[in-house]
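First up is the structure itself, then whatever we jot down about it.
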């Protein structure tokens, strides 16, 4: 067994070292979910080979490989199986694997890209030389090319073809051997068989022109076929690497250290892992934020391309939220840490992208089975065509069989779904919507109803003072006093009242859960700020908060209003323009829900909804045949999110809601929702176009190949062109 490098030995021995590429869904000591990058994959059939090999190992519960991103998600128990054994098992079947952490994954991709480029260069350069040597035989008139010169040119072509066979075509032979050993028929089998048969037949014709294999040689067709197929795979490799690099850009966004402010006025540099909720950190200009939090002091511009994909700076001031991985462009900001470690937005993005890129689309599995059956039919068809032509014209039998093998290679068929789905998920990620489940793209196409939660979804997770009034006193004079008491509380309602005000000279401050905050002024008098029924014996029904002295009539009434998201009205209008039914389902008071619905043009709304009633409503709509997209953010939204056909959680939402979602709206821009629905339909159209092209190409070319009208060179060009067309057509979704 090969010995892993020191970093992997440490990962094997210490579960903490697995953290960069591993999560523990069942808690410490349970099953681990690790992410790996795979090199050496050349077709969708490789996914099945890797999964089958891993599932034979003790302690492996599940293995999933995405052929488009070459990413492996492994659910296993490190206590039962060493990481070295996992890597050795995959190397034994011809694949190089490394944990998906930035440095080794980058090195693995660099080696894979360099080797693929060398293979392409050798095949392309020697193809041109072989074509040059073959040209005289095509253009010379009868009698112009002497037999000795013709034979010399053929020998030269054979010599130049040897490196192509030994080096450039290596991945096809290796992949075919692995597939046959695993008793699977992937696309490499007919490709390798076609290459081998063409070379053997051409070599036999060169050594014995009067023999059974005839006198025709196809070294030019062979080298061009290999070069074109390697070119198609080079484009596929580039798309796969770009997806991996986008993930690493997010994973590497966190700084190596943060400046934590201490209570005695000093500061210290600590790693991000050492931060705790409630810590205060200072972020200088040019530094990245080490945790999610709220600005306490300072003003500046922040690059939040991590969330939005846009590099336009966003102004930040006290009270504004910042996220880990975004960059402070100017000024110095003091931030209160609210989320650390795995709960930060950045780490959530990494996990979701890894999960999505490791997942095999359901359609992809169907296509793999179709491709396997198709390959078996092709092999029988090629054998039958060769035997038939052996009786009709033996000298052309090999050429016809090779043409059939090449033209029917199912490369385009098996690339159709992964290329389209991966490109679409990348396009959505740039819009701030990260898919955790790639199959959600297909389900989005069927959605006819979009249901929104209100608080934290259509509205921002902050409140504003809407109005204030007093009973027998000057309301404007009392408001600063109420603000100074509110500054002593961290409750969202109190923070909305405080609006950045400084705390006054209060003492004996006490926060009463579910009620409010109370404190004594300089004279010893007790004042309260909180629920109207707690502050006053006769609360005003229009007020959300009250402020006044204990035991006396309330002096100041306050009403708060939610801040509607800036693009909420635009998003709702766009969804309605697409023909979607837009509904609002909230647990808030009817008056607040009615105001929000009226402002956004939503006619169908419900207030006072409990988690159970929300769930019942969604199931009722589904029973009526509606396909429901649910958008929410709170813990109480988790049950209804789980029941919806498609589930999207807000990026700043509760962890339970995010874990139940198919996608995470990390940008919190609702305009991404109608864009996602439109892109999902475009993706389905592109996928159908790719499948239709693959079917049309085979229907047109197979009869020509069987009739002997399609030489191997033309078959190779057509097959490689069809694969390129599928990949390039899928790239249109990136726009």
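Residue numbers (the numbering used here): 95 to 829.
Beta carbons: idealized from backbone N, C-alpha and C, even for Gly.
None of the values given here were measured: they were computed from a predicted structure.
Work out the CA separation of residue 165 and residue 335 for me, nearest whole Å. 10 angstroms
What does DSSP give as the partner residue(s) for residue 742 in the beta ladder? 725 and 757
Close-in-space but distant-in-sequence residues of the same chain around residue 823 (CB under 7 angstroms, 5 per side omitted): 780, 783 and 784
Closest by C-alpha distance to residue 707, when choosing among 249, 681 and 517: Distance from the Cα of residue 707 is smallest, within the candidate group 249, 681 and 517, for 681.
Which stretch, first to last residue, makes up the alpha helix (DSSP H) that contains residue 692? 684 to 694
When you compare each of 229, 213, 141 and 214 to residue 188 by their alpha carbons, which one comes out closest? 141
Using CA coordinates, which residue listed in 655, 612, 674 and 309 is at the minimum distance from residue 687? Of all alpha-carbon atoms in 655, 612, 674 and 309, the one lying nearest the alpha-carbon of residue 687 is that of 655.
Secondary structure of residue 675, DSSP reduced to three states: strand
Using beta-carbon positions only, say whether residue 171 and residue 182 come within less than 9 angstroms of one another. no
Within 9 angstroms, strictly: CB atoms of residue 571 and residue 580: Taking 9 angstroms as the Cβ cut-off, residue 571 and residue 580 do not qualify as a contacting pair.
Does DSSP classify residue 387 as helix, strand or coil? strand
If we require 3 or more residues per run, which beta strand (DSSP E) segments fall completely within the region 578 to 612? 601 to 606
Compute the Euclidean distance between the alpha carbons of residue 551 and residue 575, then round it to the nearest angstrom. 32 angstroms
With 16 other CB atoms within 10 Å as the buried threshold, where does residue 587 fall? buried
If you drop the 5 nearest sequence neighbours on each side, which residues of the same chain put their C-beta closer than 6 angstroms to that of residue 721? 540, 541, 542 and 739
Checking 9 angstroms against the spacing of the C-beta atoms, do residue 773 and residue 827 come in under that value? yes
Which residues in the same chain as residue 264 place their Cβ atom closer than 8 angstroms to its Cβ, once the five residues preceding and following it in sequence are excluded? Non-local C-beta neighbours of residue 264 in its own chain, meaning closer than 8 angstroms and more than five positions away in sequence, comprise 213, ordered along the chain.
May I have the straight-line CA-CA distance separating residue 434 from residue 663, to the nearest angstrom? 33 angstroms
Simplified DSSP state of residue 167, which is helix, strand or coil: strand
Do you know how far the Cα of residue 767 is from the Cα of residue 318? 45 angstroms
Helix, strand or coil at residue 405 according to DSSP, with G and I counted as helix: Its pLDDT being 44, under 50, residue 405 is placed unreliably in this model, and the value from its coordinates should be taken loosely. Looking at residue 405 - three-state DSSP - the assignment turns out to be coil, as it is neither helix nor strand.
Cβ of residue 395 within 9 angstroms of Cβ of residue 376? no
Tell me the rounded alpha-carbon separation between residue 667 and residue 677. 12 angstroms
If contacts are defined as beta-carbon pairs under 8 angstroms, then residue 652 and residue 631 qualify, I think. What distance do you get, rounded to the angstrom? With 8 angstroms as the limit, residue 652 and residue 631 do not qualify as a contact, their Cβ atoms being about 18 angstroms apart.
Beta-carbon proximity check, residue 289 vs residue 322, cutoff 9 angstroms: no
Nearest-angstrom Cβ-Cβ length linking residue 320 and residue 262, presumed shorter than 8 angstroms: 6 angstroms
Which term fits residue 309, buried or exposed, when burial requires 16 or more other beta carbons within 10 angstroms of its beta carbon? Looking at its Cβ environment, which holds fewer than 16 other Cβ atoms inside 10 Å, residue 309 is exposed.
Start and end of the beta strand (DSSP E) containing residue 526? First-last for residue 526: undefined, no H or E at that position.
Can the beta-carbon of residue 134 be found closer than 9 angstroms to that of residue 268? yes
Are the CB atoms of residue 431 and residue 284 nearer to each other than 9 angstroms? no
Which partner residues does residue 421 have in the DSSP bridge list? 382 and 397
Out of 498, 481 and 554, point me to the one whose CA is closest to residue 413's CA. Nearest C-alpha to residue 413: 554.
Going by DSSP, what residue range makes up the beta strand (DSSP E) through residue 193? 190 to 193
With DSSP run on the structure shown, which of helix, strand or coil describes residue 289? helix
Assess, as a yes-or-no matter, whether the region 686 to 706 is touched by the region 788 to 803 under the definition of 3 or more beta carbon pairs within less than 8 angstroms. no
Drop a sphere of 10 angstroms on the beta-carbon of residue 327, count the other beta-carbons inside from all chains shown, and report buried for 16 or more, exposed for fewer. Only buried fits residue 327, as 16 or more other CB atoms lie within 10 angstroms of its CB.
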